[in-house]
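A quick write-up on the structure given underneath.
Numbering (this note's numbering), first residue to last: 84 to 417.
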């Protein structure tokens with residue numbers, strides 16, 4: 084048996100191919116840019132000034148060096164959202180906390196998800212979109228939004244909702260020694276502000292926070308933050324009562340209008356009605372209903388802006404959710 088590279092067909096190279104090129108292809112070596120094949124090894128040798136063997140016209144594509152440039156191509160301004168910047172000196176705080184960590188600690192999402200939000204351009208710092216995963220911020224001073232909603236990132240700010248019972252004074256202290264809101268936060272070290280007041284005989288939702296700017300805006304009438312009340316009054320309710328309250332009732336301190344009025348339930352000689360107002364005058368719900376001919380039997384505030392009392396029991400309090408705080412900020416333009 085003859086071995087590979089034997090005498091069949093004359094002298095053959097390493098792979099049984101006749102030396103000097105393929106049959107029927109005279110001058111193949113010159114067609115390859117002058118490259119020749121070593122008789123002993125069968126390996127190509129580049130000719131002077133030519134391309135490497137096995138490359139060039141008719142062969143596999145030549146290996147090219149990676150593209151290098153000293154300058155990145157210009158960015159397409161339409162690709163980036165309005166307000167985008169990658170200039171470090173606009174939002175960067177060198178000794179600050181990484182942005183994704185701040186968001187995770189604030190309860191936005193897990194850190195990995197927060198990184199994805201940053202990469203998607205959903206996070207702004209002081210009004211500018213930040214896409215840098217390693218961006219460092221000052222959570223106590225800088226304003227951070229996610230999907231347009233402000234995130235409370237200052238570590239010392241707290242936000243609570245309390246269901247004030249009947250008989251409790253809506254202040255943080257009382258010179259007469261009556262029970263007040265301070266009795267429910269005696270274990271807190273922060274100086275808390277109560278947002279809005281309820282008279283002693285009215286129960287329901289009150290907000291507590293040490294965020295002074297937010298508290299001020301929530302109670303200022305120019306921001307028009309709505310409050311919703313349920314009132315038990317004598318029935319039946321005349322059909323034109325809603326129109327009268329929305330048109331306005333004249334009180335001793337001026338005209339007051341209900342933003343909305345609904346009859347929730349009527350049963351015998353009593354009815355439960357819902358009144359929505361953005362004003363905060365003293366005893367305003369009681370006075371306007373009494374002026375309309377319906378003395379209030381019981382009264383409770385069940386909503387303050389986006390915050391709902393829900394199933395919160397009388398005399399108990401809870402922390403506001405991140406969503407609720409963000410919606411409160413949005414309601415007053417913060």
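Think of the CB as a built atom: it goes at the ideal place given N, C-alpha and C, for glycine as much as any other residue. As the structure is a prediction and not an experimental result, all values here were calculated from the model.
{"Query": "Output yes or no for whether 8 Å exceeds the beta carbon distance between residue 245 and residue 264.", "Result": "yes"}
{"Query": "For residue 253, which three-state DSSP category applies?", "Result": "coil"}
{"Query": "If you compare alpha carbons, which of 177, 411, 176 and 363 is closest to residue 80?", "Result": "Residue numbering for the chain in the displayed model covers 84 to 417; residue 80 lies beyond these limits and cannot be assessed."}
{"Query": "Can you name the residues that DSSP bridges to residue 243?", "Result": "291 and 402"}
{"Query": "Specify whether the segment 266-282 and the segment 220-231 touch according to this definition: at least 3 beta carbon pairs, one from each stretch, less than 8 Å apart.", "Result": "no"}
{"Query": "Specify the secondary structure class of residue 119 as computed by DSSP and reduced to three states.", "Result": "A caution first: residue 119 carries a pLDDT of 46, below 50, which makes its placement in the model unreliable, though a value can still be read off. Residue 119 falls in the strand class under three-state DSSP."}
{"Query": "For the candidate residues 239, 202, 383 and 397, whose alpha-carbon lies nearest to that of residue 272?", "Result": "239"}
{"Query": "How long is the line joining the alpha carbons of residue 223 and residue 179, rounded to whole angstroms?", "Result": "10 Å"}
{"Query": "Should residue 377 be labelled buried (16 or more other beta-carbon atoms within 10 Å of its own) or exposed?", "Result": "buried"}
{"Query": "What is the rounded straight-line gap between the Cα of residue 307 and the Cα of residue 367?", "Result": "15 Å"}
{"Query": "Alpha carbon to alpha carbon, what distance is there between residue 250 and residue 280?", "Result": "13 Å"}
{"Query": "So, is residue 193 buried or exposed, given that buried needs 16 or more other C-beta atoms within 10 angstroms?", "Result": "exposed"}
{"Query": "Pull up the distance between the alpha-carbon of residue 330 and that of residue 260, whole angstroms please.", "Result": "41 Å"}
{"Query": "Grouping DSSP H, G and I as helix and E and B as strand, with all else coil, what is residue 299?", "Result": "helix"}
{"Query": "Which residues in the same chain have their Cβ closer than 6 Å to the Cβ of residue 218, if we skip the five residues on either side of it in sequence?", "Result": "182"}
{"Query": "Would you mind stating whether residue 201 and residue 253 have Cβ atoms separated by less than 8 Å?", "Result": "no"}
{"Query": "Could you pull out every residue in the same chain whose Cβ sits closer than 7 Å to the Cβ of residue 336, ignoring the five residues on either side in sequence?", "Result": "364"}
{"Query": "With DSSP collapsed to three states, give me the class of residue 215.", "Result": "coil"}
{"Query": "Who are the near neighbours of residue 191 in its chain, counting only those whose CB is closer than 7 Å to its CB and skipping five residues on each side?", "Result": "197, 229, 234 and 405"}
{"Query": "Comparing C-alpha positions only, which one of 266, 370, 207 and 352 sits nearest to residue 398?", "Result": "266"}
{"Query": "When DSSP builds the beta bridges, which residues end up paired with residue 181?", "Result": "219"}
{"Query": "Which residue or residues does DSSP assign as beta-bridge partners of residue 317?", "Result": "353"}
{"Query": "Might you give, ordered along the chain, the residues of its own chain that have their beta carbon closer than 7 Å to the beta carbon of residue 298, omitting 5 neighbours on each side?", "Result": "276, 278 and 292"}
{"Query": "What separation, rounded to the nearest whole angstrom, lies between the Cα atoms of residue 214 and residue 414?", "Result": "27 Å"}
{"Query": "When you compare each of 241, 309 and 392 to residue 341 by their alpha carbons, which one comes out closest?", "Result": "309"}
{"Query": "Rounded to a whole number of angstroms, what is the C-alpha to C-alpha distance between residue 256 and residue 220?", "Result": "38 Å"}
{"Query": "If you follow the beta strand (DSSP E) that residue 208 is in, where does it begin and where does it stop?", "Result": "206-208"}
{"Query": "Secondary structure at residue 395, three-state DSSP: helix, strand or coil?", "Result": "coil"}
{"Query": "Is it true that the CB of residue 362 sits closer than 8 Å to the CB of residue 339?", "Result": "yes"}
{"Query": "On a Cα-Cα basis, can you pick out the residue from 177, 216 and 204 that is closest to residue 184?", "Result": "216"}
{"Query": "Using the rule of at least 16 other Cβ atoms within 10 Å of the residue's Cβ for burial, across every protein chain shown, is residue 390 buried or exposed?", "Result": "buried"}
{"Query": "Within 10 angstroms of the Cβ of residue 25, are there 16 or more other Cβ atoms? Answer buried if so, exposed if not.", "Result": "This structure cannot settle anything about residue 25, because the visible part of the chain is limited to 84 through 417."}
{"Query": "In the structure shown, what three-state DSSP assignment does residue 201 receive?", "Result": "helix"}
{"Query": "I think residue 285 touches residue 383, with their Cβ atoms under 8 Å apart; what is that distance to the nearest whole Å?", "Result": "7 Å"}
{"Query": "Quick check on the DSSP output: the beta strand (DSSP E) that includes residue 382 runs from which residue to which?", "Result": "381-387"}
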